[in-house]
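*Asks:* Structure below; questions to follow.
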Amino acid sequence: MSFSAISSILNNTVKQQKGLSAQVTAALACEEFDKIVRQKWGEKGANKVKALYLKDGVLTIASLSSVMAQEIKLNEREILAELKTKFGGAVERIRYVI
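Following this note's numbering, the numbering of the sequence shown begins with 20 at its first residue and continues without gaps.
Right under this line is the structure:
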């Protein structure tokens, strides 16, 4: 009997669970978006924008401020590039709910 690395066992288990991997990626992408907003605009910006969910490559965000939504729209390419670096093609575009 040979030993297997715990990471490979966990990866195989996650892959076997249908949708679990996608749900984890979606949650992490939302968390990363919120972190990017906090880094760029501080707590003031983070209090006005929140990532809601990721579905079919579309990250839906809610904004309490149309000005903040516009700021994100102006920086959308840069934000998507950062998300793509971490999550590959999981996030393709951003949808705004104001």
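Built from N, CA and C at the ideal position, the CB exists for glycine as well. All figures in this text were calculated on a predicted structure; none of them were measured in a lab.
Taking the C-alpha atoms as reference points, what is the distance between residue 106 and residue 100?
*Replies:* Here residue 106 is taken as the residue at index 87 of the sequence shown, counted from 1. Here residue 100 is taken as the residue at index 81 of the sequence shown, counted from 1. Near 10 Å, if we compare the C-alpha coordinates of residue 100 and residue 106.
*Asks:* Within a Cβ cutoff of 7 Å, which residues of the same chain sit near residue 48, ignoring the five residues on either side of it in sequence?
*Replies:* Counting from 1 along the sequence shown, the entry for residue 48 is found at position 29. Same-chain partners within the cutoff: 73, 78, 102, 106, 109, 110.
*Asks:* Look up residue 27 in the DSSP assignment and say whether it is helix, strand or coil.
*Replies:* For the purposes of this step, residue 27 is taken as the residue at position 8 of the sequence shown. DSSP places residue 27 in helix when its eight states are reduced to three.
*Asks:* Looking at the unbroken beta strand (DSSP E) that takes in residue 81, where does it start and where does it end?
*Replies:* By one-based count along the sequence shown, residue 81 stands at place 62. Looking at the DSSP string, the run of the beta strand (DSSP E) that includes residue 81 is 77-82.
*Asks:* Please report the straight-line C-alpha distance between residue 116 and residue 68, rounded to a whole angstrom.
*Replies:* The residue given as residue 116 occupies position 97 in the sequence shown. The residue given as residue 68 occupies position 49 in the sequence shown. Rounded to whole angstroms, residue 116 to residue 68 spans 10 Å at the Cα level.
*Asks:* Tell me, which residues are paired with residue 69 by DSSP?
*Replies:* Position 50 of the sequence shown, counted from the first residue, corresponds to residue 69. For residue 69, which the question treats as bridged, DSSP gives the partners 81.
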